[in-house]
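Data first, discussion second: the structure below is written as structure tokens.
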Amino acid sequence: MAKRHNYKNLSIWKLGLEIAFNVSDIIKKFPEIERFALSDQMNRCSISIPSNIAEGSARSQKSFKYYVNIAMGSSFELGTQLLIAKHRAYITEAEFEMIEAKIEHFQRMASGFQNQL
């Protein structure tokens with residue numbers, strides 16, 4: 000039988016969830032015009048990170064790597080969206096740096112995790 004992971008015990012899932020919570024808190028301050036645009040996309044991206052790890056944990060090792068890859072892609076997409084939000088002055092430099100650091104940490108952790116699968 001294939002090894003399954005309890006996603007709630009995985010550090011990458013916990014960090015992904017933390018990133019999603021941070022993004023959720025930050026986008027509440029976005030202007031109304033962004034409600035169905037950038038803020039919605041950022042919300043979806045950030046939720047995708049821990050969600051794909053959770054879903055992949057119930058799959059085979061090979062499939063789990065694929066789902067971690069999807070989570071990584073979402074983290075890079077979110078990084079781009081954060082740059083746009085910073086450029087539009089929707090977030091502060093400090094908010095940007097805090098979440099960017101978490102995203103980069105997630106990416107390093109996820110890459111290392113994939114190598115262990």
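Here the sequence shown is numbered in numbering that gives the first Met the number 0, starting from 0 and rising by one per residue.
Quick reminder that beta carbons are idealized off the backbone N, C-alpha and C, glycines included.
Legend entry - Nearest residue (CA-CA) to residue 16, options 51, 29, 4: The residue given as residue 16 occupies position 17 in the sequence shown. Comparing Cα-Cα distances from residue 16 to each of 51, 29, 4, the minimum goes to 51.
Inset, instruction - Return the CA-CA distance between residue 69 and residue 14, expressed in angstroms with no decimal places. - result: Your numbering for residue 69 matches position 70 in the sequence shown. Your numbering for residue 14 matches position 15 in the sequence shown. Cα to Cα, residue 69 sits roughly 15 Å from residue 14.
Inset, instruction - Please report the residue range of the alpha helix (DSSP H) in which residue 32 lies. - result: Counted from its first residue, the sequence shown places residue 32 at position 33. That residue, residue 32, is in no alpha helix (DSSP H); it is neither H nor E in DSSP.
Inset, instruction - Look at residue 47 and residue 55 and say whether their C-beta atoms are less than 8 Å apart. - result: Counting from one through the sequence shown, the residue named residue 47 turns up at place 48. Counting from one through the sequence shown, the residue named residue 55 turns up at place 56. Not in contact: residue 47 and residue 55 (Cβ atoms no closer than 8 Å).
Inset, instruction - Confirm, please, whether the CB-CB distance from residue 113 to residue 64 is below 8 Å. - result: Here residue 64 refers to the residue found at position 65 when the sequence shown is read from its first residue. Here residue 113 refers to the residue found at position 114 when the sequence shown is read from its first residue. Yes, they are a contact pair.
Inset, instruction - Can you tell me which of the three DSSP states residue 57 falls into? - result: Working through the sequence shown from its first residue, we reach residue 57 at position 58. Three-state result, residue 57: coil.
Legend entry - Alpha carbon of residue 53 to alpha carbon of residue 95, nearest angstrom: Position 54 of the sequence shown holds residue 53. Position 96 of the sequence shown holds residue 95. Taking the straight line from one Cα to the other gives about 26 Å.
Legend entry - Sequence-distant residues of the same chain with beta carbon closer than 6 Å to residue 6, five excluded per side: Translated into positions along the sequence shown, residue 6 becomes position 7. Cβ neighbours of residue 6 beyond the five flanking positions: 12, 52, 53, 56.
Inset, instruction - On a CA-only basis, which of 9, 58, 84 is nearest residue 39? Give me that one, please. - result: Along the sequence shown, one-based indexing puts residue 39 at 40. When each option's Cα is compared against that of residue 39, the closest is 84.
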